[in-house]
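Quick note, the sequences are listed as chains L and U, same order.
Using our numbering, the first residue of the first sequence is number 1185, and each one after it goes up by one.
Using our numbering, the first residue of the second sequence is number 2, and each one after it goes up by one.
Working notes, structure below.
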Amino acid sequence: MRKPAIVDTPYPTVWETAKKMGVSKKRTLELIKLAHEIHARREEKRKTELAAARKKRLKTA
Amino acid sequence: MLHAQRDSVFLNIPYDPIYEGHFLAYIAGIAAFGLDPRATLELTGGERRLDRIFKLMEACRYSFHDLSLVKLDRKRPATPRFNMPFELGLVVGWQKAAPSTHDWFVFESSRHRLQKSLSDLNGTDPFVYGPAPEGILREIRNALARHDMQPTAQEMQHLFEVLKEDAAPDILKKTGASSLFGARPFKGLVVLAREFAKISVAGLKSS
């Protein structure tokens, strides 16, 4: 197995990535908004599942 | 010659519907390492396609070449897909002719397949990821290492799941595209992956 290549560049910001890809500022803002909406949706789902699991545990105890 | 962007990876993969999960795994894995994937999907314009492909390769510090779908296409006329090995050959030839700091990596789904399909590369260790796209995340961790902090397997898996379960369907809906293998969906996924990496990778949360 070959040695891994060392990545020594800092993490680009979302704006640097968007500029490199030729994505407009307007669309970048839309995508950032979408990322946060998805994150919030997943967090909500996770919390609901946790609460349901806790409820089930209490019921069976 | 363009100055190679040190945080870019040229992604040489098949654009096939059965390969969408793999495509997302590469985007997630590359983004988790703080790099940006680039692909010929982005290329538009009148210049000769081969010239544009070469320019894009030259602009990347790394390249990932997935040869797992080098096989006969079922659609008539049944032909093998030569684009991936051809683009790998371009990179190898470019590196031999003008030694540069470009690093290339070969990915395969099964062990020993490369020895049969491309024996000229004997002596090159491919990164063998197995049947599932998740294996790609593991092999990217074997191919790359960050000097500051390493994204964990869980963080990469989470990033992949977010792209697969939420981002990809949302992007298709918003762009009206029928496939992820288009310039607009691809660029959207890369930008989203960058933002998700900031949310998912522990060391980046405060940045």
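Glycine is no exception: its CB is placed at the ideal position from the N, C-alpha and C atoms.
Just to confirm before moving on: does the CB-CB distance between threonine 1197 of chain L and valine 192 of chain U stay below 8 Å? Contact: no.
What ranges does the beta strand (DSSP E) occupy inside the segment 89 to 124 of chain U, keeping only unbroken runs of at least 3 residues that lie completely in it? 104 to 109
Between histidine 113 of chain U and chain L, is any beta-carbon pair separated by less than 8 Å? no
Run the CB neighbour count on aspartate 37 of chain U, radius 10 Å, all protein chains shown included, and call it buried at 16 or more, exposed below. buried
Might you give, ordered along the chain, the residues of its own chain that have their beta carbon closer than 7 Å to the beta carbon of alanine 144 of chain U, omitting 5 neighbours on each side? Phe106 and Phe128
Taking only runs of the alpha helix (DSSP H) that begin and end inside the segment 136 to 163 of chain U, which ones reach a length of at least 4 residues, in chain order? The segment 136 to 163 of chain U contains, as complete alpha helix (DSSP H) runs of 4+ residues, the segments 154 to 163 (chain order).
Please name the residue in U/Glu43, U/His113, U/Lys174 and U/Leu205 whose C-alpha comes closest to that of glycine 1206 of chain L. U/Glu43
Measure the beta-carbon distance from isoleucine 28 of chain U to alanine 133 of chain U and round it to whole angstroms, keeping in mind my assumption that it falls under 8 Å. No, isoleucine 28 of chain U and alanine 133 of chain U are not in contact; Cβ-Cβ is about 16 Å, not under 8 Å.
Where does the unbroken alpha helix (DSSP H) through phenylalanine 197 of chain U begin, and where does it stop? 184 to 201
Host alpha helix (DSSP H) of isoleucine 54 of chain U (start-end): 50 to 59
Valine 71 of chain U versus proline 15 of chain U - alpha carbon distance: 8 Å
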